[in-house]
Each structure stands twice: as structure tokens, then as C-alpha cells.
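Asks: There's a structure below that I have some questions on.
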Amino acid sequence: MIGIIVGLLASCQTEPEPIAFGKDQCHYCKMSIADPKFGAELITDKGRIYKYDATECVVNQLAEESTRYQMLLAVAHNNPKQLYPMDSLVFVISPEFRSPMGANLAAFYRPTTQDLPSNTQLLSWNEVRLLLKNRK
Amino acid sequence: MRICIVLIIMLSAWLIPSANARTLVVGINESFQIIQEAIREANLHDTVLVRPGLYAQHSIVIDKPLHLIGEGKPQLDAKHQAVELFVVMADSVVIEGFTLQNVGVSFLKELAAIKVRQGHYGSIRNNEIINCFFGVYLEYATHYQVVNNYIVDQADDEASAGNAIHVWKGDYLEITHNTLSGHRDGIYLEFVNNSQIHHNQSYRNLRYGLHFMFSNNDAYSANEFRENGAGVAVMFSREIRMQHNHFSHNWGGASYGLLLKEISDGEISGNYFVRNTIGILAEGANRIIIKKNQFSLNGTALDMKGNSLDNEVLANNFLANTFEVVTNSQNNNNHYERNYWSGYVGYDLNRDGSGDEPYRPVNLFARITDQIPAATLMLHSFFVSLLEFSERIFPTIIPATLTDQYPQMQPYAYDQN
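If you read the sequences in order, they're chains A and B. Numbering that gives the first Met the number 0 applies: residue 0 is where the first sequence begins, and numbers increase by one. Numbering that gives the first Met the number 0 applies: residue 0 is where the second sequence begins, and numbers increase by one.
In C-alpha cells:
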């Protein structure tokens, strides 16, 4: 009996879904998602999946409406197409990275020094949110 | 007399350098076999002529004003390596008449067949660029011409496609008569102002035929955009003029003929929107004049979101679209006048050419499918007709002020070329 309940509860957790590059559309900006170095995904409390072409679109969406979510993910620039939980990533804002929506924002999963331009500042997800919000 | 002497001096000053300009020839039986060596030997404004043949040379840097001509389309092959073929780092460089192929894909570098890093008054024309990651890539370029190039890729993995023509920061560009296919975007412009894009053919690109980001005061006309992910996207831009283009067969869930997102003060006139899922999707589009366009056989002709203000929709033909106008708001802040709507069934008893009753192009079912897309299943059903009928008697859901006061009885003669 307990097993069944646990099973039911577990089924409420939605698994992340890989982005179909070239087919999926950004939930926020309506662009087709095409650049495999960028992209993000939000899974709402109810298990609905929203996909984004750039991490800045997630920031903008969350700034506009307080969407309740169970999981946030983003594509790592150093491992294209692959989604990682937002908290496990570090972020860089630099003109070297021309993200689809113009914020020059790239996400990295365990970057090596080769992945990054010299003198870059690594930002956490929360720092990115604050920085972009203030810029607007 | 003095003027005469001055004139002669000026003329000769102008003629002498061109008399001294040399032509350096590259080819198997010529003095140069390596293109880069000819460039090294050349003086400013010389011509480097490349004879027909296959050259396995790449990363050729052009760092002085030069005219590079390929004779009989010589081929430069990057053999799928992560390298570029031509890199331009000087003003007044002309590259014409080459076949450039097989520039490899790199996720970290945006590799192009021809990359211009800071250049002014240059020209790239009459080249064939085949199976390259990016085709022509301009950075910080002004007064540049990209004319009559054929840029085609057959990326098997769609997501690894770059753009056919990509511009990052440009001013006074002319991009004309190019054929662009099989890339991510046919033409991608970011921070590009005062530029003209016309007579291009852009088809079967993965994302957009043409894509504006953060660009102002540009015009595109007489282009054809078909079978792309979406025809054209104009985003975060001002003062874009869009005239006499064809947007056709852009089908699919995320497909539009033309996507407008956060743009203002433009004009969309004399265009054809044929067989697109949505002809125009306007989100946050303000003060745009949409006139004398033809919308035929689209799923939805015009989807005007509620955050679009003060647009003028004048004298267009709406012919045989499943839905004519769709919106997600009960208010209407745009003006519709003197359009022809094939859905209009009123009379013209006073014979003045426009119907006696105003027309409401948004129908109830369009509003329902906007919120519940799966309801499309019920299209043309008896139940929906019943709903439509009752909504016409007691309107509650459709925007009350979204009317065309003078719906035309006859379509305008805009077709068909």
C-alpha cells in the first residue's frame, strides 16, 4: 500500500524533456530554439514543461510573472544540447558568448580554463537573476 | 588655365596608382601556387587572380585592400576541418567568383567560409558557398555589399547549422540577389542599421528566412521566403520597412510568415502571405502600418496580441483564410479599415463599394482555439456554428470594437505575380 502511494507521489515529479532543436519554440520569446549551445527548461509545479531558447528568457519570464516551478534546467555551453539543473551550473556574461536574446549569457557545467575567456567572473544563478533584473 | 592644370594634376594623380596596380596570378603553372603568398607579395589595391582548380588551402588572411578574383570558380576546400577559408582584416577588399566548401562545425567558434573582422567598403559577390557551417560572416562591417552569392548547406544534423549570412554590428549594408538554403537562418542581422536587403531567395532554413535583432532603420523588399521554420522574424527593432515580399509555405506549430516581437514604427505593404500557419503574429508591435497586403489560404491571417497598440490595418485582401484575425484580448487598440474580407456576407445597397454593415473579423471560435488549440478538432462542426450564431446575436467574448467599418465588397487587384 505504502509502495503504491510512494509510486503515485513519485509520478508527480516530471522528468526533464530534451529540447528538440529546430522544432521546439521558446515559451517566452516565441523564437524557434535552434542554437544547441543555449537553451533552458522550466517544469511547473503541475508538471507542465516550458522550453526556452536562452537562459535570459527564463529570467525575464520569472520577473514578469511568478511562475511556481519544481525544476529549472539550462543547456551547458561546454556540452551542447545537454540540460543540467540550474543550481549545478555557473554562468558567464561576456561578449564572447552571443546568446540568442542578446544578454551575452552562457551557462557552464564544470568549466575548465580553456572553456572561458581570461579574467571572467563566474556567476551563480541567483547573481544572474539579480544582474539582469537590474539591467532592465 | 590654372583650373585646367589643377584638373590635369588631379586626373593624373587618380590615374597613376591604377596604372601601377598589378595582377598577381595564382595557379599550377603560374608564379604563385599558394594564394596566401600572392597576397603577401601584393601591394595595396592590386588584383590577385586565381586560376581554375582545386585548392586545399584555408585560413587565408587578407590584411590589405585587394581585389581577389576567381577565374572559372576555383574551389577552396576546408575538408570539414574547423578552419575558415578567407579572413578579411582590411578595408576595400573584394572577393568574387570562388567556390568555397566544407567548412567544419564547431560549437565553440562560429566558423565561416568568409569572415570579415572589421571592414569597410568591401564586397563579396558571385561566390558559391557549399556545405559550410556559416557562409558569410560580417563583424563591425560598414558600407559592405553581399551580392549574388549562392549559399547552400545540407546539414544532416539540423541543429549544427550556422547562418548563411550572419552580421554582428553593421551599418549601410546591401544584401541582394543571394540564394540561401539549408542553414539555421538565411540572413541573421544583430545590431544592423541603415541597411537594404532585397531580391534574395531564402528557403528551407531551419529557423528563419531572415531575422532582425536590435536593428533599426532597415528595409527589406522583393524577397522570397518559403518553407522556413518561419519566414521572417523582426524582433526588438524600430523603423523596419517591409515591402513586396513573398511569405509562403511556412507550416508547423511554431511557424509564421512574419513574426513581430517588440517592434515599432514600421511599414508592411504590398506583401503576399500564402499558406502559412499564421500569416503575421504580432506581439508587442506598435504603430505599424499594414496595408495593401494579400493574405491567402493561411491558417490564421493575422494574430494580433492584446499588447499591440495603434497599428493600422488598411486595404488588405483577406482571402480564404481559416481565421482572419485572432487576438487574445477583449479590447482592441488597433484600427481596421477598408479591407476585403472573404468572410463578409453583408450587402451594399447604396452601391458605394463597401458593405453597409461593419464587419467583425474575429470570430468566437478563433478566440476559443487561441486558448484551447485542441478545439480545432471541432472546426466546421454544427455545434460551433450554433455557438457562432448565438455570439453574433449577443456578443460577449469577441472584442466589441474590433470592426472594419468599411469592408470592401470586391477584393483589390493586387495579385498575382
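For glycine and all other residues, C-beta sits at the position ideal for the given N, C-alpha and C.
Quick one: using the 10 Å Cβ neighbour count with 16 as the cut-off for buried, is W417/B buried or exposed?
Replies: Residue numbering for chain B in the displayed model covers 0 to 416; residue 417/B lies beyond these limits and cannot be assessed.
Asks: As an exercise, report each continuous alpha helix (DSSP H) stretch of at least 4 residues that is fully enclosed by the region 31 to 102 of chain A, in chain order.
Replies: List check, alpha helix (DSSP H) in window: 54 to 63.
Asks: Mind checking whether F246/B and V273/B have CB atoms under 9 Å apart?
Replies: Against a cut-off of 9 Å, the Cβ pair of V273/B and F246/B comes out as a contact.
Asks: Looking only at its own chain, which residues have a Cβ that is under 7 Å from the Cβ of S93/A, when we skip the five neighbours before and after it?
Replies: Result list for S93/A: N103, P116 and T119, in chain order.
Asks: Name the two residues that bound the continuous alpha helix (DSSP H) containing I367/B.
Replies: Here the alpha helix (DSSP H) through I367/B covers L363 to Q370.
Asks: Three or more beta-carbon pairs under 8 Å between the region 366 to 373 of chain B and the region 274 to 294 of chain B, yes or no?
Replies: Taking 8 Å as the limit for Cβ pairs, the verdict is that the region 274 to 294 of chain B does not touch the region 366 to 373 of chain B.
Asks: Would you mind working out which of I27/B, G52/B, T178/B and L65/B sits nearest E40/B, comparing C-alpha positions?
Replies: Among I27/B, G52/B, T178/B and L65/B, the Cα nearest to that of E40/B belongs to L65/B.
Asks: Quick check on DSSP: helix, strand or coil for D114/A?
Replies: Correct three-state label for D114/A: helix.
Asks: Strictly by DSSP, which residues pair up with L122/A?
Replies: The partner list for L122/A (beta bridge, DSSP) reads F90/A.
Asks: For Y260/B, go through chain A and note every residue whose CB falls closer than 7 Å to its CB, in chain order.
Replies: The residue you asked about is not Tyr; residue 260/B is Lys in the sequence shown. Result: C28 and K29.
Asks: Just reading off the beta strand (DSSP E) that S263/B is part of, what are its end residues?
Replies: Residues L257 to S263.
Asks: I'd like to check one pair, I287/B with I262/B: are the Cβ atoms closer than 9 Å?
Replies: Taking 9 Å as the Cβ cut-off, I262/B and I287/B qualify as a contacting pair.
Asks: Is M377/B helix, strand or coil when you go by DSSP?
Replies: Three-state DSSP puts M377/B in a helix.
Asks: Determine the extent of the beta strand (DSSP E) in which Y127/B is found, giving its start and end residues.
Replies: Note on identity: in this sequence residue 127/B is Glu, with Tyr being the wrong assignment. Unbroken beta strand (DSSP E) run through E127/B: E127 to I129.
Asks: So the candidates are S159/B, L179/B, H119/B and P51/B; which of them puts its Cα closest to the Cα of I128/B?
Replies: Checking every option, the nearest Cα to that of I128/B belongs to L179/B.
Asks: Below 8 Å on the Cβ atoms is my guess for G96/B versus N126/B; work out the distance and round it to an integer in Å.
Replies: Confirmed, about 7 Å.
Asks: Any C-beta of chain B within less than 9 Å: which residues of the region 89 to 119 of chain A qualify?
Replies: Residues passing the 9 Å Cβ filter: R97, P99, M100, G101 and D114.
Asks: Apart from the five residues just before and just after A62/A, which ones in its own chain have a Cβ nearer than 6 Å to its Cβ?
Replies: Counting only Cβ-Cβ distances below 6 Å, and skipping sequence neighbours, we find K132.
Asks: Taking C-beta to C-beta, are Q74/B and L48/B nearer than 9 Å?
Replies: No, the pair does not count as a contact, with Cβ atoms beyond the cut-off.
Asks: For L110/B and E83/B, which I take to be in contact (beta-carbon distance under 8 Å), what is that distance rounded to the nearest angstrom?
Replies: Indeed they touch by this definition, with Cβ atoms about 5 Å apart.
Asks: With a cut-off of 8 Å, do at least 3 Cβ pairs link the region 380 to 390 of chain B to the region 337 to 353 of chain B?
Replies: No, they do not touch.
Asks: In three-state DSSP terms, what is L84/B?
Replies: Of the three classes helix, strand and coil, the one that applies to L84/B here is coil, per DSSP.
Asks: Please state whether DSSP places S30/B in a helix, a strand or coil.
Replies: Reduced to three states, the DSSP call for S30/B is coil.
Asks: Any beta-carbon of chain B closer than 9 Å to the one on P15/A?
Replies: By this cut-off, P15/A is not an interface position.
Asks: Can you pull the chain B residues whose beta carbon is under 9 Å from the beta carbon of K132/A, in chain order?
Replies: Chain B residues near K132/A: none, gap ~18 Å exceeds 9 Å.
Asks: With I204/B and R237/B assumed to form a contact (beta carbons below 8 Å), what rounded beta-carbon distance in angstroms separates them?
Replies: Per the sequence shown, residue 204/B should be read as Asn rather than Ile. So it is not a contact: roughly 25 Å between Cβ atoms.
Asks: So that I know if they touch, is there some Cβ in chain B lying closer than 9 Å to that of A33/A?
Replies: Yes, because at least one Cβ of chain B sits closer than 9 Å to the Cβ of A33/A.
Asks: Select from the region 270 to 290 of chain B all residues with a C-beta closer than 8 Å to any C-beta belonging to chain A, and list them in chain order.
Replies: From the region 270 to 290 of chain B, only L280 and E282 have a Cβ closer than 8 Å to chain A.
Asks: Please confirm whether H76/A and Y51/A have their CB atoms less than 9 Å apart.
Replies: Contact flag unset, no.
Asks: Does the region 191 to 211 of chain B touch the region 64 to 72 of chain A, meaning 3 or more C-beta pairs lie closer than 8 Å?
Replies: They do not touch, by the three-pair rule.
Asks: Where do the ends of the beta strand (DSSP E) carrying A160/B lie?
Replies: Premise fails: A160/B is in no beta strand (DSSP E) and is neither H nor E.
Asks: Would you mind working out which of A163/B, V166/B, H176/B and K290/B sits nearest N310/B, comparing C-alpha positions?
Replies: It is K290/B whose Cα lies nearest to the Cα of N310/B.
Asks: Let's test the definition: count the other Cβ atoms within 10 Å of the Cβ of W250/B and tell me whether it reaches 16, buried, or not, exposed.
Replies: The residue is exposed, with fewer than 16 neighbouring Cβ atoms inside 10 Å.
Asks: Which stretch, first to last residue, makes up the beta strand (DSSP E) that contains S220/B?
Replies: N215 to S220 is the span of the beta strand (DSSP E), which, as asked, contains S220/B.
Asks: Using three-state DSSP, classify L75/B as helix, strand or coil.
Replies: Note: L75/B maps to strand in three-state DSSP.
Asks: Closest to R366/B by CA distance: which of Q144/B, I396/B and P410/B is it?
Replies: Here the closest residue by C-alpha is I396/B.
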